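Student: Structure incoming, see below.
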Amino acid sequence: MRCVLLLLLSCLLLGASEPPPTSDIDRWVSFFNPDLYALAGRWPATPIVGAFDAPASDIARDTARATWLSLAVFLPFLVLPQVLLVWIIWKFRDRGDGRRAATFVGNHTLEIVWTAIPIIALVIVSVAIWDLVVKTELPPADQRRDMVVEVRGKSFAWDYKYQRLGGERPTRREDQIEIGQDVAGLQEPLVLVKGRRVILNLTSNDVLHAWWVPAFGVKKDTIKGRYTHTWFTPERTGFFKGQCAELCGQGHGIMLISALVVEEPEFALWVELQRRRAETVRTWTALAAREVDPAALDAAVAAYLERGADPWRLFALRYWMASNLLSWSRRPNEFPRDPDGTQATWIAARRALLEEAIARWQARGGPSTGS
Amino acid sequence: MGALASSRARLTLLLAGIPLAMAALAFFAMPPLYSLWCRLTGTGLRPNNPEAAQLAQPTGRFLEVFFESRVFDDLPVEFSCSVPSLEVEVGREALVAYRLRNASDRVLHIRPIHQVSPVAAAAHFGMRLCFCFNDQTLQPGEVQEFPVAFTFAPSLDPRIATVSICYSLFAISPDAPRSEAQLRIQRAIEGQGGVVSPNFRRLSEAELERLRAEERRGER
Amino acid sequence: MTDATALPLPAPRYRGLMDWLTTTDHKKIGLMYFWFVVIMAIVGGAMAGLIRVQLAMPGATVEALQQAALTGTTALNLFSDDTGLFADWGGRHLYNQLVTMHASIMIFFVLIPGFVGFANYIVPLMIGARDMAFPKMNALGFWLLIPAALLQLASFFVAGGAAASGWTAYPPLSLKEFSAGPGQDMWILGVHLVGVSSILAAINFIVTITSLRAPGMTWGKLPLFAWATYFVSIIQLVATPVLAAAVTMLLLDRNFGTTFTKASQGGDPVLYQHIFWFYSHPAVYIMILPGFGAISHVIAAFSGKRVFGYTGMVLAIGVISFIGFIVWAHHMFTVGMPLWAQAYFMYGSLVIAVPTGIKVFSWLATMWGGTLRFTTAMKFACGFISMFVFGGFGGLFLALTPIDMTLHDSYFVVGHFHMAMVGGSVMLLFAMTYYWWPKMTGRMLCERQGTWIFWLMLIGIVLAFMTMHVTGALGMARRVPVYFKDFLILNHISTLGYVLTFIASLWFVVDLVRSYWRPPVTENDPWRVNDVQQSFEWATSCPPPAHNFDRIPPIPILDPKR
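Protein chains in written order, with our numbering: chain Z, 1165 to 1535; chain X, 615 to 834; chain D, 3 to 564.
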């Protein structure tokens, strides 16, 4: 986290349009794309954050508070019968001393009391929780600056479309960003901004799914042909895990959700990256093939980099490349199938190939920015 | 004994009638009841409440409306709205167009349906022109534009400032029976009430002409 | 009312096996229900075992995933190979089948017929009847369960395997498009058969209780187990056909091109959910209310007292039965519904806690001041109160909409209903078995082993299902074969709890079988409880003769309210 802040600071000093230096790309990637593969595979080191122990959104915080409150009100009704039961078992057990059992068969006062007291408790909780019911169900007021995201569940991954990034209304399709599975077939995280409310419009491509990140305290079913709707405001930066919560077929268990909450400037950077995404991914695909044709790779790199002479393109290329490779190589020691480091070597080789292609392109006269 | 037996027979018959009645109720009465529930709450599929929007007056309150489009069943088409979003005044009719192009070299049979988010807005949302369930037949390379004219009723919750409308396309078999909506358009064109949705104002002559043209294309 | 003279029953036409196959005697049918339920419980419990095995070792799946990623395939293609149990796509499909069938078997073939079986045996005895009102229909009701169970179990062996869309069978997952094989259809037809069986039994119980009560057994003196059976029969009559309608819609949509649940053709998948839960919420009470009635007898019997607050107990069962019908959508909060609907279903669901509380407090008051004898049946009864209170407690939070948005479809829900269904219903069935086994077979169960079985069960349930509440609140979703590493320890605890529970259950079955070789019970009332009971079953021999009573009541009967 600290290195990210440092990086941020340097970004601000150098001007926001300056991409971070290459040597920091790994760190950037690990920040933006922390456990992509690990998430799908290795149940990562990032611990799950529950809605009740460490809420990360306003809705989750209110939900946690409501939960503790209702727990406090309801707890006597859990504890009292248990204590009574144990005490009765002890007190009235047959000791064989010839004691006669009591003969009463009813007591109206008592019956009225134990009908009325639970009702009072229920009324207290009902009244106390009403505001939150209204809050979660109705859309929030003053939505002009909110982020609006369309979430589409599909078997077994998620597509996100940023209908509005927050702020200005998009007037061109290019103002909107669509993300989903990356080229490795892995789930990209939904990137959110700390303190910026996000409105989710959820729908499905096929069967029912449910979008659930416990730390945000929201869960909504996604239904084909129908929109569901929810919202929350992330309040902490960090990486949050979740998963599909509605049985959706064979891949239900691996239909994971990852969400990344970042600060405003980092989000702007991410948006810049996304704008170059489609082209970059095409170039990277040339490298992802098992047998790399150096000529083809050179052509792809050159075609990509020559389309615009901004340093961002080089950064974007390295970013996507690294993000996809790194998600595999992040914790090589933990790969049980890679005890001799074969996989790490493979990844290193791929990265070297890319760097060589870039170097060749620069040697042919391409600008040397960004390295 | 006889009286007892007959009273028991009556009871048994009554009891046997309950499950039959419940099954019939669930099977035949639930779908229409559910449709009614959906219409009242806006929770259903394809929300459209023209009555609510019909009498709407401009209010000076503005919404941002996002237009989404989706294509299912691997239909080889290009389909999108002319604009990604629009600033719309509550109570005033807005008009956008969805453009659909058949990108393949075969005839496509397509059924569009729409959805609206959030649910709280759907009950106060009415459309005068809508191509939902208006089944289409597209020749290879053919392009069609579908106008969507919609209004939000002033009863819309003032908190709501963003709404999403999405049209989805599904493939249908060419001999599928014509949908209710399409039949309604047919009737509207033939002048029986002149509405796309019941209880809504008549279509203008130009709009009718356009619908007829579309209809002719569809027949071809 | 029935004649007071002993009816000379015709001598049985067959002996041995054929006698059992053709019997219309409610006692024999009740025992057949019982053994059917025991067998199905072992099958369903074994499925739960396979589920726990997978959850104890989810890594196998994960490694397969990694291996495929290393070779460069995309995550979506890499599961298409079938290699090994649970380790891949096919294994995951099997996991979903097991989750679905575990639930279906436990609900349709264990809990519901479990109580029906006891009611079959005990209720006519309790009210002093010679048999059920429609003995042949009674037999039909039982025999329908066999093909239903076979149909559902056999579906494991057809192409595509058994139903894998959960016992809720939500479309579109349960439609042809996503569940192609005939397994889902077999599941639907099985549910139909179970439904017919339930309805037949329900009609029979209502007519029996209405018209076959012995002289003196007025409505105001009706034993609580009979009352509970009566109310549950009404629930079954009203709700079961609705389930039948729901799954019929699925069947038609799957096979005959109708569009009840197909969004693209004018239907709506959520419609199915509403109809389904209109049955399935009352079904929860079908699975536990009869036990509420029965446990009142057990507690009264071993407290040496009569039931406290008889009228309140009956009213509470009635109120629960009624409210059960009007709160179904609390299973569907995350589907999205208008504010007022959320409020209605939320508050309606909370209200159920009140009559349930009345019952719990009345049981405690029944024990108060008694001379408590801790037979195994009584131990299970006390264990039931403790576990069920916890199970119901979890339900309070699930009823609160905003909290449900986090807890819905998580392991909290799994913990909640297992606490109510295993800690509740299964404990009840154990208590009822220990209590009525001498009456049903004329043999005693071993009290000493019963104590072991009880404690194993109790600890197992606490470990397995209380833990699940925590797992769910932390964020583990239901019905997943793999999970985040954070939940590993919690899942190990649950698996350990399962092992204890399953050992206890098998031990119990062994004791059931062995009891047939024990000396017969010679007295009518081996527990010596008749002076505190308002029912007739202890006034005849163990087991009762074919005609139930040598001397039909009036036997002196206490007014429970005085």
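We treat Cβ as the ideally placed atom computed from N, Cα and C, and that holds for glycine. Please read these numbers as outputs of a predicted model, since none were measured by experiment.
Closest by CA to alanine 166 of chain D, which one among Z:Gly1413, Z:Val1357 and Z:Ala1513?
Tutor: Comparing Cα positions, the closest option is Z:Gly1413.
Student: Indicate whether at least one CB of chain X lies closer than 8 Å to the CB of leucine 175 of chain D.
Tutor: For leucine 175 of chain D, the answer is no, since every Cβ of chain X falls outside 8 Å of its Cβ.
Student: Determine contact between the stretch 113-120 of chain D and the stretch 29-41 of chain D, defined as no fewer than three beta-carbon pairs at a distance below 8 Å.
Tutor: As far as the Cβ criterion goes, the stretch 113-120 of chain D touches the stretch 29-41 of chain D, which means the pair count is three or higher.
Student: For the structure I just gave you, are there three or more beta carbon pairs, one from the stretch 1389-1400 of chain Z and one from the stretch 1359-1374 of chain Z, closer than 8 Å?
Tutor: These segments touch.
Student: Quick one: what does DSSP say proline 772 of chain X is sitting in, helix, strand or coil?
Tutor: If DSSP states are grouped into helix, strand and coil, proline 772 of chain X belongs with coil.
Student: What residue from D:His95, D:Leu19 and D:Asp21 has the CA that sits closest to glutamine 56 of chain D's CA?
Tutor: For glutamine 56 of chain D, the nearest C-alpha among the options comes from D:His95.
Student: Under the three-state reduction of DSSP, which class applies to tryptophan 1322 of chain Z: helix, strand or coil?
Tutor: Three-state DSSP puts tryptophan 1322 of chain Z in a strand.
Student: Using a Cβ cut-off of 9 Å, pull out every chain D residue sitting near leucine 1517 of chain Z, in sequence order please.
Tutor: Correct list: empty, because the minimum Cβ distance to chain D is about 15 Å.
Student: At a CB-CB cut-off below 8 Å, which residues of chain D make contact with leucine 625 of chain X?
Tutor: Near leucine 625 of chain X (Cβ distances below 8 Å), the residues of chain D are Ile208, Val209, Thr212 and Ser213.
Student: Residues of chain Z with a CB under 9 Å from the CB of lysine 307 of chain D: which are they?
Tutor: In chain order: Ala1265, Ala1266, Thr1267, Phe1268 and Val1269.
Student: What does a CB cutoff of less than 6 Å around glutamine 275 of chain D pick up in its chain, not counting 5 residues either side in sequence?
Tutor: Around glutamine 275 of chain D: Met334.
Student: Return helix, strand or coil for glutamine 1327 of chain Z, following the three-state DSSP convention.
Tutor: If DSSP states are grouped into helix, strand and coil, glutamine 1327 of chain Z belongs with the strands.
Student: Can you round the beta-carbon distance between serine 157 of chain D and methionine 108 of chain D to whole angstroms, since I take them to be within the 8 Å contact cut?
Tutor: That pair is no contact at about 16 Å.
Student: I want to verify the contact list: residues of chain X whose CB lies under 9 Å from the CB of glutamate 1314 of chain Z, in sequence order.
Tutor: Residues of chain X passing the Cβ test: Phe680, Glu682, Ser731, Ser778 and Cys780.
Student: Using C-beta distances below 8 Å, list every residue in its chain close to valine 160 of chain D, excluding the 5 sequence neighbours before and after it, in chain order.
Tutor: Same-chain partners within the cutoff: Gly183, Pro184, Gly185 and Met188.
Student: Less than 8 Å between CB atoms is the rule here; does leucine 191 of chain D satisfy it with respect to chain X?
Tutor: With 8 Å as the cut-off, leucine 191 of chain D does not count as an interface residue toward chain X.
Student: Valine 196 of chain D to leucine 147 of chain D, Cα distance in whole Å?
Tutor: The straight-line gap from Cα to Cα measures roughly 6 Å.
Student: Closest to valine 1243 of chain Z by C-alpha separation, out of D:Leu460, D:Tyr437 and D:Phe390, would be which residue?
Tutor: Among D:Leu460, D:Tyr437 and D:Phe390, the Cα nearest to that of valine 1243 of chain Z belongs to D:Phe390.
Student: To be precise: take each residue of the stretch 408-420 of chain D, compare its Cβ to all Cβ atoms of chain Z, and keep it if any distance is under 8 Å. Which residues remain?
Tutor: Going along the stretch 408-420 of chain D in chain order, one finds Thr408, His410, Asp411 and Ser412 with a Cβ nearer than 8 Å to chain Z.
Student: Using the C-alpha atoms, what's the distance from isoleucine 354 of chain D back to isoleucine 325 of chain D?
Tutor: Approximately 7 Å, taken between the alpha carbons.
Student: Quick one: using the 10 Å Cβ neighbour count with 16 as the cut-off for buried, is asparagine 662 of chain X buried or exposed?
Tutor: Burial call: buried.
Student: Suppose only complete runs of 3+ residues qualify. What are the beta strand (DSSP E) ranges in the stretch 709-783 of chain X, listed by chain order?
Tutor: Runs of the beta strand (DSSP E) inside the stretch 709-783 of chain X: 722-731, 739-743, 750-752 and 757-766.
Student: Along the chain, which unbroken stretches of the alpha helix (DSSP H) at least 4 residues long are found entirely within the stretch 645-710 of chain X?
Tutor: List check, alpha helix (DSSP H) in window: 664-668.
Student: Residues of chain X with a CB under 7 Å from the CB of alanine 246 of chain D: which are they?
Tutor: In chain order: Ala637.
Student: Mapping the DSSP letters down to three states, classify aspartate 90 of chain D as helix, strand or coil.
Tutor: Low confidence applies to aspartate 90 of chain D: its pLDDT is 47, below 50, so where it sits in the model is not reliable, and the reading given next is rough at best. Aspartate 90 of chain D: coil per DSSP, three-state reduction.
Student: Apart from the five residues on each side of it in sequence, which residues of its chain come closer than 8 Å, Cβ to Cβ, to proline 545 of chain D?
Tutor: The residues are Lys29, Lys441, Met442, Thr443 and Gly444.
Student: Which value, in whole angstroms, describes the spacing of the CA atoms of proline 754 of chain X and glutamate 692 of chain X?
Tutor: The straight-line gap from Cα to Cα measures roughly 12 Å.
Student: Where arginine 516 of chain D and serine 351 of chain D are concerned, what is the direct C-alpha to C-alpha distance, given to the nearest angstrom?
Tutor: Arginine 516 of chain D and serine 351 of chain D: Cα-Cα distance of roughly 44 Å.
Student: Between the stretch 473-507 of chain D and chain Z, which residues of the former have a C-beta closer than 9 Å to a C-beta of the latter?
Tutor: Listed in sequence order: Ala475, Leu476, Gly477, Met478, Ala479, Arg480, Arg481, Val482, Pro483, Val484, Tyr485, Phe486, Lys487, Asp488, Phe489 and Leu490.
Student: Considering only residues of the same chain and omitting the five flanking positions on each side of alanine 506 of chain D, which have a CB-CB separation below 7 Å?
Tutor: Ile455, Leu458, Met459 and Gly462.
Student: For a contact defined as C-beta to C-beta under 8 Å, what are the partners of leucine 629 of chain X on chain D?
Tutor: Ordered by position in chain D, the residues that pass the 8 Å Cβ test against leucine 629 of chain X are Ala204, Ile205, Ile208, Val209 and Leu239.
Student: How far does the beta strand (DSSP E) with histidine 471 of chain D in it reach, from first residue to last?
Tutor: No beta strand (DSSP E) contains histidine 471 of chain D, which is instead part of the alpha helix (DSSP H) from 469-476.
Student: In the structure shown, what three-state DSSP assignment does proline 1398 of chain Z receive?
Tutor: Proline 1398 of chain Z falls in the strand class under three-state DSSP.
Student: Identify each residue in the stretch 1294-1307 of chain Z for which the Cβ-Cβ distance to at least one residue of chain X is less than 9 Å, and report them in chain order.
Tutor: Listed in sequence order: Glu1301, Leu1302, Pro1303, Pro1304, Ala1305, Asp1306 and Gln1307.
Student: What's the gap between the Cα of valine 101 of chain D and the Cα of glycine 162 of chain D?
Tutor: Taking the straight line joining both Cα atoms gives about 15 Å.
Student: Starting from histidine 1373 of chain Z and walking both ways along the beta strand (DSSP E), at which residues does that stretch end?
Tutor: Here the beta strand (DSSP E) through histidine 1373 of chain Z covers 1373-1377.
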